[in-house]
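In our numbering, the protein residues as written are 752 to 965. From the three backbone atoms N, C-alpha and C, an ideal C-beta is built for every residue, glycine too. Quick notes on the structure that follows.
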């Protein structure tokens with residue numbers, strides 16, 4: 752693969768994944784955040800179901816592109832700390848299917864409602880509760896693994912003596928993730944993670960040569 756094309760894969764994947772995470776969280780917040788209608792009311796309307804459509808689609812795009820970004824970063828930083836970057840890559844491979852699985856389950860009530868199933872029936876409410884419980888467990892797992900990935904990448908950057916600002920931001924981001932878990936608001940970490948990815952993409956584009964491990 753030509754070097755110029757390869758050098759663009761990482762920034763593009765980070766940027767795309769970051770934007771997709773931000774979009775997914777924004778639409779999820781619109782569907783279920785403070786001030787939004789009851790979830791059953793939201794699912795009972797076409798505009799409400801579209802919010803979940805975008806959330807699910809954006810979330811899947813985000814994690815698939817993150818695997819690409821993690822693979823690229825593994826190749827770039829492997830000479831610095833191969834084991835650490837291999838762990839980051841392995842975590843990304845776990846994160847993607849886990850996210851897709853709980854998003855698929857989260858989409859089940861949407862699909863059922865689209866078939867004109869009454870959203871006020873007890874059976875539908877139970878389906879929504881089950882889907883959210885599955886999403887909660889999957890979401891907690893994904894957030895924890897993403898936070899751990901940020902910590903490891905930041906440690907490798909610090910070890911390399913490069914991008915000290917990004918490394919410090921990553922360390923702070925990990926601590927924020929712990930705080931959000933304590934506050935029962937861990938899903939907000941996905942917004943911060945998306946912004947971190949966008950920052951990584953910008954750093955890779957501005958000073959790409961410094962990312963070449965030697």
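Using the Cα positions of residue i and residue j, report the straight-line distance between them to the nearest angstrom.
i, j, result
"residue 878", "residue 928", "29 Å"
"residue 817", "residue 765", "7 Å"
"residue 892", "residue 790", "23 Å"
"residue 955", "residue 872", "51 Å"
"residue 787", "residue 781", "6 Å"
"residue 965", "residue 851", "In this prediction, residue 965 scores a pLDDT of 41, lower than 50, which makes its location untrustworthy; no coordinate-derived value is stated."
"residue 942", "residue 811", "15 Å"
"residue 823", "residue 762", "9 Å"
Can the beta-carbon of residue i be found closer than 8 Å to that of residue j?
i, j, result
"residue 904", "residue 924", "no"
"residue 885", "residue 922", "no"
"residue 945", "residue 773", "yes"
"residue 821", "residue 805", "no"
"residue 860", "residue 882", "yes"
Ignore the nearest five residues each way along the sequence and tell me which others in residue i's own chain have a CB closer than 7 Å to its CB.
i, result
"residue 845", "896"
"residue 832", "907, 910"
"residue 842", "896, 899, 900"
"residue 931", "937, 939, 940"
Skipping 5 residues on each side, what residues in its chain have a beta carbon closer than 6 Å to that of residue i?
i, result
"residue 835", "903, 907"
"residue 795", "870"
"residue 779", "806"
Closer than 8 Å by C-beta to residue i: which residues in its own chain qualify, once you throw out the five before and the five after it? Chain order, please.
i, result
"residue 890", "853, 937, 938"
"residue 799", "782, 788, 792, 793"
What ranges does the beta strand (DSSP E) occupy inside the stretch 764 to 822, keeping only unbroken runs of at least 3 residues that lie completely in it? none
Beta strand (DSSP E) segments (min. 3 residues) lying fully within the stretch 858 to 892: none
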